[in-house]
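Undergrad:
There are 2 protein chains.
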Amino acid sequence: MKDDKKYARIFRAVLKLVAKKGLAGMTMGDISKEAGIATGTLYVYFDNKDALINALFAACRENSVAVSFRGYDAQQPFKPGFRNIWMNILRYRLQNFEEFIFLEQCYHSPYITAATREKARQLAEPFYALIARGQAEQLIKNVEKDLLITFIIGSMNELVKQTHYSGTTLTKARTSITFDLCWDAIKA
Amino acid sequence: MKDDKKYARIFRAVLKLVAKKGLAGMTMGDISKEAGIATGTLYVYFDNKDALINALFAACRENSVAVSFRGYDAQQPFKPGFRNIWMNILRYRLQNFEEFIFLEQCYHSPYITAATREKARQLAEPFYALIARGQAEQLIKNVEKDLLITFIIGSMNELVKQTHYSGTTLTKARTSITFDLCWDAIKA
DNA sequence: AATATAAGTGAATATTTATTCACTATAAAG
DNA sequence: CTTTATAGTGAATAAATATTCACTTATATT
């Protein structure tokens, strides 16, 4: 019986190593050592390095979407709902920085297959729906949703990276300032 | 006499390959093949793979800053000056996408030495000065410059990636919309 | 407890990759 | 033209790495 704990340890090892060495720079030996298991065991759990990376990518992607909408209630007015989601995403990425970096590295890596990629794309739907709601309520600029989402996510991602690599903590004040920048950008 | 044309061919090969396979995924054999030279020749021009990557990183970084301020005139009013620089950066990154990706990959890669990194950091000074001017003229929100720069650059970078990978062309209209998002975000 | 099945191992193998080096081609200097 | 120095080569070597496999250990089943 394959052990869920072991999957978790392998995944955690990969996340740590990718943040440090990149996808191709991380060896199977690195992974087994970091996870505290034998190299051969990796091949009990996964067919090969590619399969391992694809499996982890899919798992992270699902997880990340689930977390985003935590506490969202469509009855609630738009702006606080949007703010809640924005904060959820920001908090999660800061607290799970290695996972964030792993996903970024995967997005355009040859390790990720077209099939894995397509599944990931579908998970973005709820974000389009959210923007659509804001536009319907005339609170959000009526421009292409892609542009808005790209803008929102891009500015947030850079904040996450900047915060992490500079070693500073993101205070409530700085977080709030950045949300306001974002809201002023997109508000109608 | 080492040939400048050859340096250029090597660099172009690396940019192409990094965009496709990542820093660690690109082999010296890949590079020589792509550049149309013998593998040994790479070692005539560079001590090893690390040195090659550091040299290219430094060259790209300098280039990218020089381009940003092209046509900037401090006499001109702030907003059009800022818009000009914003457009310069966006245009350059779109037209030199592989260089953009290469730089992004380098920023937090173990290939890049602390020395190379420090030199790169200093090149950001002019951007802080630009923001300072906007704040002095009360046109830009008076919040930490880091946050503003991170926000501006992050949203732009994501737009560049999104545009490139989706295969769409960034129309004048879409560009203008995104600039307006950015300006509305930061304006006082 | 005895047996069967699956997980786990890590040294051995096969493959890939960085780097070297003995050699050739080219070009500058006398 | 000859000599000397430098660029260029690519097969050979040395590491590094992915993957396999014969074997051991643990767990479930009868």
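These protein sequences, in sequence, are chains A and B.
FYI, the numbering for the first sequence is 3 to 190, going by our numbering.
FYI, the numbering for the second sequence is 3 to 190, going by our numbering.
Note that CB positions come from ideal geometry on N, CA and C, so glycine has one too.
Please check the pair B/V67 and B/Y94, which I expect to be a contact at CB under 8 Å, by giving their CB distance rounded to whole angstroms.
TA: With 8 Å as the limit, B/V67 and B/Y94 do not qualify as a contact, their Cβ atoms being about 10 Å apart.
Undergrad: So, for A/F48: in the same chain, excluding its five sequence neighbours on each side, which residues have a beta-carbon less than 7 Å away from its beta-carbon?
TA: These residues qualify, in order along the chain: L54, A57.
Undergrad: Could you tell me the distance, in whole angstroms, from the CA atom of B/A21 to the CA atom of B/F104?
TA: Roughly 7 Å separates the two Cα atoms.
Undergrad: Could you check whether the Cβ of A/S111 sits closer than 8 Å to any Cβ belonging to chain B?
TA: So yes, A/S111 belongs to the interface.
Undergrad: Would you check if the distance between the CB atom of B/E160 and the CB atom of A/I155 is smaller than 8 Å?
TA: Yes. Within cutoff.
Undergrad: A/Q26 and B/G27 look like a contact to me (Cβ under 8 Å); what is the Cβ gap, rounded to whole Å?
TA: Gln is not the amino acid found at residue 26 of chain A; the sequence shown has Ala there. A/A26 to B/G27, Cβ: 4 Å. Contact.
Undergrad: Can you find a C-beta in chain B that's less than 8 Å from the C-beta of A/R176?
TA: A/R176 counts as touching chain B.
Undergrad: List, in chain order, every chain A residue whose beta-carbon is nearer than 7 Å to that of B/I179.
TA: Those within 7 Å of B/I179 in chain A are V145, L149.
Undergrad: Check whether the stretch 74-92 of chain B and the stretch 129-142 of chain B touch, using three or more Cβ-Cβ pairs below 8 Å as the test.
TA: Yes, the stretch 74-92 of chain B is in contact with the stretch 129-142 of chain B.
Undergrad: Give the residues of chain B in contact with A/N50, contact being defined as C-beta atoms less than 9 Å apart.
TA: In chain order: nothing, as chain B lies at least about 15 Å away.
Undergrad: Determine whether the Cβ of A/I155 lies closer than 8 Å to any Cβ atom of chain B.
TA: Yes, because at least one Cβ of chain B sits closer than 8 Å to the Cβ of A/I155.
Undergrad: Confirm, please, whether the CB-CB distance from A/F153 to B/S34 is below 8 Å.
TA: No, the Cβ-Cβ distance between B/S34 and A/F153 is not below 8 Å.
Undergrad: The alpha helix (DSSP H) with A/P2 in it runs from where to where?
TA: The structure shown has nothing for residue 2 of chain A, since chain A only spans 3 to 190.
Undergrad: Of the choices A/I179, A/V162, A/W185, whose alpha-carbon is the least far from that of A/E101?
TA: With distances taken between Cα atoms, A/E101 lies closest to A/V162.
Undergrad: Taking the alpha carbon of A/K174 as the point to measure from, which residue in A/K8, A/Q78, A/M89, A/I39 has its own alpha carbon closest?
TA: The shortest Cα separation from A/K174 among A/K8, A/Q78, A/M89, A/I39 belongs to A/M89.
Undergrad: Measuring CA to CA, which of A/F80, A/A117, A/I39, A/F99 is closest to A/A60?
TA: Closest option to A/A60, Cα to Cα, is A/A117.
Undergrad: In three-state terms, what does DSSP make of B/K143?
TA: Three-state DSSP puts B/K143 in coil, outside helix and strand.
Undergrad: Starting from the C-beta of B/C108, find all residues in its chain whose C-beta is less than 6 Å away, skip the five residues before and the five after it, and write them out in chain order.
TA: Answer for B/C108: F59, I114, listed in chain order.
Undergrad: Which of helix, strand or coil does DSSP assign to B/K189?
TA: Looking at B/K189 - three-state DSSP - the assignment turns out to be strand.
Undergrad: Check whether chain B comes within 8 Å of A/G24, counting only Cβ atoms and requiring the distance to be less than that.
TA: Chain B contact via Cβ: present.
Undergrad: Looking at the unbroken alpha helix (DSSP H) that takes in B/I12, where does it start and where does it end?
TA: First-last of the alpha helix (DSSP H) with B/I12: 6-23.
Undergrad: Using a Cβ-Cβ cutoff of 9 Å, what residues of the stretch 24-44 of chain A are near chain B? List them in chain order.
TA: So the list reads G24, L25, A26, G27, M28, given in the order they occur along the chain.
Undergrad: Going residue by residue through the stretch 38-66 of chain B, where are the continuous beta strand (DSSP E) segments of at least 3 residues, counting only ones entirely within it?
TA: Counting whole runs of 3 or more residues, the stretch 38-66 of chain B contains no beta strand (DSSP E) stretch at all.
Undergrad: What residues in the stretch 161-175 of chain B bring their beta carbon closer than 7 Å to a beta carbon of chain A?
TA: Against chain A - using a Cβ distance shorter than 7 Å - the residues of the stretch 161-175 of chain B are L161, Q164, Y167.
Undergrad: Are A/E64 and A/L19 closer than 8 Å when you measure CB to CB?
TA: For A/E64 and A/L19, no; Cβs fall outside 8 Å.
Undergrad: Quick one: what does DSSP say B/L125 is sitting in, helix, strand or coil?
TA: Here B/L125 sits in coil by DSSP.
Undergrad: Could one say the Cβ of A/A187 lies closer than 8 Å to chain B's Cβ atoms, at least one of them?
TA: Yes, because at least one Cβ of chain B sits closer than 8 Å to the Cβ of A/A187.
Undergrad: Roughly how far, in whole angstroms, is the beta-carbon of B/A187 from the beta-carbon of A/A187, given that I think they are within contact range, below 8 Å?
TA: With 8 Å as the limit, B/A187 and A/A187 qualify as a contact, their Cβ atoms being about 4 Å apart.
Undergrad: So with Cβ pairs under 8 Å, would you call A/T118 a contact of chain B?
TA: Output row for A/T118: interface = no.
Undergrad: In chain order, what residues of the same chain have a beta carbon less than 6 Å from the beta carbon of B/K147, not counting five sequence neighbours either side?
TA: So the qualifying residues of the chain are Y130, I133.
Undergrad: For B/F71, which residues of its own chain have a beta-carbon under 8 Å away from its beta-carbon, when the five flanking residues on both sides are left out?
TA: I87, N90, P128.
Undergrad: Sort A/D52, A/Y45, A/I12 by Cα distance to A/G38 and report the nearest one.
TA: Of the candidates A/D52, A/Y45, A/I12, the one whose C-alpha sits nearest the C-alpha of A/G38 is A/I12.
Undergrad: According to the neighbour-count rule (16 or more other Cβ atoms, all chains shown, within 10 Å of its Cβ), is A/A138 buried or exposed?
TA: A/A138 is exposed by the Cβ-count criterion.
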